[in-house]
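When we follow this note's numbering, the leftmost residue of the sequence shown carries the number 1124, and every step to the right adds one.
The structure under discussion appears below in the form of structure tokens.
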Amino acid sequence: MSNTFSQHLADEAQTVAMGTRLCKYIKEGAVLFLHGDLGAGKTTLSRGIVQGMGHTGKVKSPTYTLVEPYDLDDVSIYHFDLYRLGDPEELEYMGIRDYFSTNAICIIEWPEKGHGFIPNSDLDVDMAYDGQQRIITLSANSERGQIIINQLGQDA
1124 MSNTFSQHLA
1134 DEAQTVAMGT
1144 RLCKYIKEGA
1154 VLFLHGDLGA
1164 GKTTLSRGIV
1174 QGMGHTGKVK
1184 SPTYTLVEPY
1194 DLDDVSIYHF
1204 DLYRLGDPEE
1214 LEYMGIRDYF
1224 STNAICIIEW
1234 PEKGHGFIPN
1244 SDLDVDMAYD
1254 GQQRIITLSA
1264 NSERGQIIIN
1274 QLGQDA
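Right, here's the structure in full:
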């Protein structure tokens, strides 16, 4: 069994669909680190996850707020964007540790900016340009992450 999963995403619709597909396997919570250049589709993938879990409103980038919470019936989702974070210690002042319960889904864009103040990820999600398309690669970093990768592989 592989600890990675990769797929081409032709457009925004396929990126949202990938998030919706992924959310089927993270219902018990997970920490996802999203890596990729600006415009690579990190927020679009996050929208697919949040909407796939049942949120019907807009899903916006938390670039200026650092975190957008989504309290749904069965799960809490916290979408972080640390791009504009000046110092990782700022996360301690906002009570970052309170967000990471075992059943919460925490999606973190630009996680390297929070190094030392956020837990390790269950999944690293790399999004890279391939011409006009994207390649998404998920890598498991925990048993929970490996279960998600295995289920995605069986679903392919």
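Idealized CB from N, CA, C, for every residue including glycine.
- Per DSSP, reduced to three states, the secondary structure at PRO1234 is helical.
- When DSSP states are grouped into helix, strand and coil, LEU1214 belongs to the helix group.
- CA-to-CA, the gap between GLN1274 and TYR1148 works out to about 7 Å.
- GLU1266 sits in a helix when the DSSP states are folded into three classes.
- Under the three-pair Cβ rule at 8 Å, the region 1153-1165 counts as touching the region 1239-1254.
- Your pair ALA1163 and ALA1251 checks out as a contact, with CB atoms roughly 7 Å apart and the cut at 8 Å.
- Distance from the CA of GLY1175 to the CA of SER1125, rounded to the nearest whole angstrom, comes to 25 Å.
- In this structure, LEU1161 is the residue among ILE1200, LEU1161, TYR1222 with its C-alpha nearest to the C-alpha of ARG1207.
- Rounded to whole angstroms, the Cβ separation of GLY1177 and LEU1195 is 5 Å, and the two are in contact under 8 Å.
- The region 1256-1270 makes no contact with the region 1229-1238: fewer than 3 CB pairs, one atom from each, lie closer than 8 Å.
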